[in-house]
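Under UniProt numbering, think of the first position of the sequence shown as 1, with each following residue one higher. A virtual CB, placed ideally from N, CA and C, is assigned to each residue, including glycine.
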Amino acid sequence: MKAVLCKAFGPAESLVLEDVASPVAKKNEILLDVHAAGVNFPDTLIIEGKYQFKPPFPFSPGGEAAGVVREVGEKVSHLTVGDRVMALTGWGSFAEQVAVPGYNVLPIPPSMDFNVAAAFSMTYGTSMHALKQRANLQPGETLLVLGASGGVGLAAVEIGKAMGARVIAAASSAEKLAVAKAAGADELINYSEASLKDEIKRLTDGQGADVIYDPVGGDLFDQAIRAIAWNGRLLVVGFASGRIPELPVNLALLKGAAVLGVFWGSFAQRQPQDNAANFQQLFAWFAEGKLKPLVSQVYPLSNAAQAIDDLGQRKAVGKVVVQVR
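Next up, the structure:
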């Protein structure tokens with residue numbers, strides 16, 4: 001089979017496409033014929049040795065995939081050969097086949113195509129877990145989403161609206177904010193033209209945002225925590241800006257605020273029943289038309305390195321997908 005390989009830590013341009021042996025599924029795994037793979041921010045980190053997992057060389061990046069089950073291990077009971085599924089792989093999806101633990105694989109709705117399915121699990125799984133289990137977002141609360149035109153950001157906008165929140169989308173350009181507006185955002189903040197802190201306070205009559213969804217970190221975290229509401233919750237999702245911020249904890253004290261870490265991958269493994277319930281709700285919202293995943297660019301497997309680089313350079317809106325078949 002063909003696979004995109006990382007043979008040494010480095011930039012995306014160092015990845016190579018080669019023929020390798022097909023993986024063999026263990027008893028608790030399925031073998032997946034990959035049709036499409038989602039590109040996510042961790043892919044930009046894992047190839048440079050900056051992610052919390054460091055697979056042995058050579059490995060394929062790609063943390064999520066969609067395709068058809070080719071083989072089923074004897075300990076996997078909820079899947080059969082031929083099922084159309086989405087899978088959380090951690091790495092290995094930028095290849096024609098990947099072996100995946102059965103507990104990380106879910107059947108996809110009949111109306112969902114493979115490109116959308118490949119763009120769904122990580123972004124919507126992360127944002128649903130963040131807003132439901134971590135923030136306990138309530139109808140009528142104000143949700144601020146930073147990086148609102150990116151994959152997880154757009155998912156948070158849509159899920160926030162489905163949960164009944166007032167959603168303020170923040171992004172760095174008018175073009176990106178137009179994407180968030182189309183996804184249902186009620187209010188918009190262009191933080192390249194105005195103070196994020198001042199705009200949050202203006203749009204909330206000085207009260208601040210009840211829940212802040214932050215996949216960006218850096219300076220935006222510093223401003224956002226200063227505009228959080230009493231009993232507010234700030235969700236630490238990622239650090240796309242490149243700088244991991246430090247929190248003066250007196251700010252949390254003064255607002256009775258909570259800063260909550262969001263690590264969906266571990267949640268899915270530790271609380272599989274809760275994760276499955278999240279996806280039942282997500283699939284129901286998808287069927288109702290409340291969730292409309294935006295796949296902005298599709299690359300062939302031979303251009304997977306370019307897909308990762310474009311995402312890392314923050315050139316993409318919505319989700320980027322590598323089409324394998």
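*One or two residues paired with residue 2 in a DSSP bridge*: Start at 1 with the first residue of the sequence shown, and residue 2 comes out as number 2. Answer is 19, bridged to residue 2.
*Would you kindly work out how many angstroms separate the C-alpha atoms of residue 308 and residue 314, rounded to a whole number?*
Along the sequence shown, one-based indexing puts residue 308 at 308. Along the sequence shown, one-based indexing puts residue 314 at 314. The straight-line gap from Cα to Cα measures roughly 10 Å.
*Which residue or residues does DSSP assign as beta-bridge partners of residue 107?*
The count along the sequence shown starts at 1 and reaches residue 107 at position 107. In the DSSP output, where bridge partners are listed per residue, residue 107 has 85.
*Assuming residue 58 and residue 5 make a contact with CB atoms under 8 Å, what is their CB distance in whole Å?*
As a working mapping, residue 58 is identified with position 58 in the sequence shown. As a working mapping, residue 5 is identified with position 5 in the sequence shown. At roughly 4 Å, the Cβ-Cβ gap stays under 8 Å, so residue 58 and residue 5 are in contact.
*Selection from 14, 36, 216, 303 that minimises the alpha carbon distance to residue 93*: Here residue 93 corresponds to residue number 93 of the sequence shown, with the count starting at 1. With distances taken between Cα atoms, residue 93 lies closest to 36.
*Would you list, in sequence order, the uninterrupted alpha helix (DSSP H) runs of no fewer than 4 residues that lie entirely inside the stretch 215–245?*
218–224
*Considering only the beta carbon of each residue, do residue 294 and residue 179 sit closer than 8 Å?*
Numbered from its first residue, the sequence shown carries residue 294 at position 294. Numbered from its first residue, the sequence shown carries residue 179 at position 179. In contact: residue 294 and residue 179 (Cβ atoms closer than 8 Å).
*Could you confirm whether any beta carbon from chain C is found closer than 8 Å to the beta carbon of residue 264?*
The chain inventory of the structure shown lacks chain C, comprising one protein chain alone.
*Taking the C-alpha atoms as reference points, what is the distance between residue 131 and residue 201?*
Residue numbering aside, residue 131 sits at position 131 when the sequence shown is read from its first letter. Residue numbering aside, residue 201 sits at position 201 when the sequence shown is read from its first letter. Between residue 131 and residue 201, the C-alpha separation is close to 21 Å.
*asked:* Please state whether the Cβ-Cβ distance between residue 265 and residue 88 is less than 8 Å.
replied: The sequence position of residue 265 within the sequence shown is 265, counting from 1. The sequence position of residue 88 within the sequence shown is 88, counting from 1. Yes. Within cutoff.
*asked:* Closer than 8 Å is the cut-off here; do at least three beta carbon pairs connect the stretch 223–237 with the stretch 260–274?
replied: yes
*Could you tell me the distance, in whole angstroms, from the CA atom of residue 26 to the CA atom of residue 245?*
As a first step, residue 26 must be located in the sequence shown, where it is residue number 26. As a first step, residue 245 must be located in the sequence shown, where it is residue number 245. Their Cα atoms are separated by approximately 41 Å.
*When DSSP labels each residue in this structure, what does residue 142 get in the three-state scheme?*
The residue given as residue 142 occupies position 142 in the sequence shown. If DSSP states are grouped into helix, strand and coil, residue 142 belongs with the strands.
*Can you name the start and end residues of the beta strand (DSSP E) that residue 300 belongs to?*
As a working note, residue 300 is residue 300 in the sequence shown. Unbroken beta strand (DSSP E) run through residue 300: 295–300.
_Can you give me the C-alpha to C-alpha distance between residue 78 and residue 33, rounded to a whole angstrom?_
For the purposes of this step, residue 78 is taken as residue 78 along the sequence shown, with counting starting at 1. For the purposes of this step, residue 33 is taken as residue 33 along the sequence shown, with counting starting at 1. Straight-line Cα distance between these residues: approximately 17 Å.
*First and last residue of the uninterrupted alpha helix (DSSP H) at residue 160*: Residue mapping note: residue 160 aligns to position 160 of the sequence shown, counting from 1. Run containing residue 160: 151–162, per the alpha helix (DSSP H) assignment.
*Out of 70, 90, 13, 162, point me to the one whose CA is closest to residue 81's CA.*
Position 81 of the sequence shown holds residue 81. Taking only the C-alpha atoms, the option nearest residue 81 is 70.
*Compute the Euclidean distance between the alpha carbons of residue 13 and residue 20, then round it to the nearest angstrom.*
Residue mapping note: residue 13 aligns to position 13 of the sequence shown, counting from 1. Residue mapping note: residue 20 aligns to position 20 of the sequence shown, counting from 1. Each residue's alpha carbon lies about 20 Å from the other.
*Over what stretch of residues does the beta strand (DSSP E) that includes residue 32 continue unbroken?*
Here residue 32 refers to the residue found at position 32 when the sequence shown is read from its first residue. 29–39 is the span of the beta strand (DSSP E), which, as asked, contains residue 32.
_Where the beta strand (DSSP E) containing residue 187 begins and where it ends_ = In the sequence shown, the residue the question calls residue 187 occupies position 187. Counting along the chain, the beta strand (DSSP E) containing residue 187 begins and ends at 187–190.
*Would you identify the three-state DSSP class for residue 317, choosing helix, strand or coil?*
To locate residue 317, count along the sequence shown from 1; it is residue 317. Coil at residue 317, not helix or strand.
*Contact check, residue 278 vs residue 86, beta carbons under 8 Å*: Sequence index remark: in the sequence shown, residue 278 carries index 278 (1-based). Sequence index remark: in the sequence shown, residue 86 carries index 86 (1-based). No; because the gap between Cβ atoms is not below 8 Å, this pair is not in contact.
*Given residue 216, which residues of its chain have a CB within under 8 Å of its CB, disregarding the five upstream and five downstream residues?*
Looking up residue 216 in the sequence shown gives position 216. The answer, listed in chain order, is 146, 147, 238, 239, 240, 241.
*Through-space distance from residue 45 to residue 39, alpha-carbon basis*: Reading the sequence shown from its first residue, position 39 is the one you call residue 39. Reading the sequence shown from its first residue, position 45 is the one you call residue 45. Between residue 39 and residue 45, the C-alpha separation is close to 12 Å.
*Backbone CA spacing between residue 197 and residue 139 [nearest angstrom]*: Position 197 of the sequence shown, counted from the start, is the residue given in the question as residue 197. Position 139 of the sequence shown, counted from the start, is the residue given in the question as residue 139. Straight-line Cα distance between these residues: approximately 23 Å.
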